[in-house]
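Structure first, then comments.
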Amino acid sequence: MEDLAQSWQHLSLSEREGPGCCLTSEESVKQFSIAASFTTKRTLNVDLIARTFTPLWRAKKGFKIQKIGDHEMLFPFDTKEEVDRILNSEPWSFDKHLVVMQRYDHDLPLEDIKFERTNFWVQVHGLPIKYMTIAAAEKICGVVGEVISQLGPKLYDGGNFIRVKVVVDISIPLCRGRLVSLNDGKQVWISFKYERLPNLCYWCGRLAHDDRDCELWIESEGTLKSEQREFRPNLRAQPFVASKRHTVSVPGYYSSMKKANLDQDGSRREKDRPAQPFQSESIIMPENEQQTENRYRQRIDSQSMKTVTMIYPP
Numbered sequence: 001m002e003d004l005a006q007s008w009q010h011l012s013l014s015e016r017e018g019p020g021c022c023l024t025s026e027e028s029v030k031q032f033s034i035a036a037s038f039t040t041k042r043t044l045n046v047d048l049i050a051r052t053f054t055p056l057w058r059a060k061k062g063f064k065i066q067k068i069g070d071h072e073m074l075f076p077f078d079t080k081e082e083v084d085r086i087l088n089s090e091p092w093s094f095d096k097h098l099v100v101m102q103r104y105d106h107d108l109p110l111e112d113i114k115f116e117r118t119n120f121w122v123q124v125h126g127l128p129i130k131y132m133t134i135a136a137a138e139k140i141c142g143v144v145g146e147v148i149s150q151l152g153p154k155l156y157d158g159g160n161f162i163r164v165k166v167v168v169d170i171s172i173p174l175c176r177g178r179l180v181s182l183n184d185g186k187q188v189w190i191s192f193k194y195e196r197l198p199n200l201c202y203w204c205g206r207l208a209h210d211d212r213d214c215e216l217w218i219e220s221e222g223t224l225k226s227e228q229r230e231f232r233p234n235l236r237a238q239p240f241v242a243s244k245r246h247t248v249s250v251p252g253y254y255s256s257m258k259k260a261n262l263d264q265d266g267s268r269r270e271k272d273r274p275a276q277p278f279q280s281e282s283i284i285m286p287e288n289e290q291q292t293e294n295r296y297r298q299r300i301d302s303q304s305m306k307t308v309t310m311i312y313p314p
């Protein structure tokens with residue numbers, strides 16, 4: 001695209017070829033889109049992509065898929081909220097390979113999109129209890145990539161580790177950990193684990209290709225052995241469940257006692273309140289209607305004792 005932009009500057013343009021056509025927002029496409037690059041080497045099937053991501057994304061109004069390259073796709077959506085939600089849930093994978101996504105605003109030519117970065121939740125393991133803080137974890141993860149701060153505190157707490165959301169550059173090897181110096185001069189190794197990590201190259205640690213496509217493997221003509229791998233499967237983190245409570249805040253003793261007394265006072269007042277007399281209306285029916293009503297009530301009561309099981313399709 002840059003070569004084309006430079007070539008016309010050396011041409012003598014006619015009156016028809018020169019400037020004079022201005023495009024406005026009225027001629028633009030009013031869509032919110034995600035541009036995606038699939039790192040798998042297999043030929044892409046658009047129908048299979050649709051079947052894969054439809055149940056995962058659950059877009060309310062659906063989405064479109066437009067092929068813009070051999071391994072590049074454009075996903076237009078009707079709302080910005082759908083795009084934000086999907087990008088905030090990165091990383092995504094297809095065929096166990098990473099799908100690198102970028103927000104596309106339709107102002108940039110498709111050829112100029114750079115698929116180099118994606119978001120990962122990184123688990124920071126090995127921190128001493130004293131330093132298990134969000135600030136310490138974000139400082140340590142600065143070598144992994146650009147740290148995304150200002151997230152909910154519950155999303156950081158993993159119990160024996162801290163989670164940090166980081167923008168990772170896929171053109172360089174993943175960072176396995178970091179040697180950290182403490183106040184007392186002691187050094188500790190802090191290891192990183194990546195959540196929802198797709199296939200990666202265990203020779204060089206990059207996400208853009210797998211072991212068989214690595215230059216190190218090709219140059220060795222297949223003589224490299226598995227024990228020579230610099231990167232290991234322990235980079236993969238166990239799934240994180242945000243609903244689990246790893247930390248519980250307990251109020252002070254006297255605060256809890258005061259609350260208990262207030263609750264007891266409230267229950268006493270409720271008990272001391274005089275009961276309101278129950279008023280009911282009697283309906284006098286003829287004998288035959290009264291018998292019909294009784295039979296109807298018996299049928300309802302007998303049916304209410306039955307157990308009904310509803311089976312939902314998967």
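Take 1 as the starting number for the sequence shown in full-length UniProt numbering and just add one per residue. A virtual CB, placed ideally from N, CA and C, is assigned to each residue, including glycine.
Does the beta-carbon of residue i have 16 or more other beta-carbons within 10 angstroms, so that it is buried, or is it exposed?
| i | result |
| --- | --- |
| T292 | For T292, the predicted structure reports a pLDDT of 46, less than 50, and the residue's modelled location is therefore unreliable. The matter cannot be settled from this model. |
| E90 | buried |
| P19 | exposed |
| C141 | buried |
| T133 | exposed |
| V46 | exposed |
| C204 | buried |
| Y254 | exposed |
| H10 | exposed |
| R236 | exposed |
| A135 | exposed |
| Q150 | exposed |
| Q123 | buried |
| P198 | buried |
| T118 | buried |
| A242 | exposed |
| S12 | exposed |
| E82 | buried |
| D210 | buried |
| G145 | buried |
| G158 | buried |
| L48 | exposed |
| W121 | buried |
| R16 | exposed |
| L108 | exposed |
| L218 | Residue 218 is actually Ile in this sequence, not Leu. The residue in question, I218, is exposed, as its Cβ has fewer than 16 Cβ neighbours within 10 Å. |
| L98 | buried |
| M73 | buried |
| K258 | exposed |
Between which two residues does the alpha helix (DSSP H) holding residue i run?
| i | result |
| --- | --- |
| A137 | I134 to I140 |
| V147 | Per DSSP, V147 belongs to no alpha helix (DSSP H); it is in the beta strand (DSSP E), E146 to I148. |
| P55 | V46 to W57 |
| N88 | K80 to N88 |
Just grab the DSSP bridge partners of residue i for me.
| i | result |
| --- | --- |
| L74 | A35 and Q66 |
| W121 | K165 |
| Q187 | S181 |
| H97 | F94 |
| F192 | V124 |
| D107 | According to DSSP, D107 bridges with nothing at all. |
| Q236 | Here residue 236 is Arg; the residue named in the question, Gln, does not match the sequence. R236 is bridged to Y194. |
| D112 | D112 is not bridged to any residue. |
At 4 residues or longer, what runs of the alpha helix (DSSP H) sit wholly inside the stretch 201-228?
215-219
Mind the definition here: the stretch 94-106 touches the stretch 32-48 only if three or more C-beta pairs lie below 8 Å; say whether that holds.
yes
* Asked: Quick one: any contact between the stretch 55-70 and the stretch 162-174, if contact means 3 or more CB pairs under 8 Å?
  -> no
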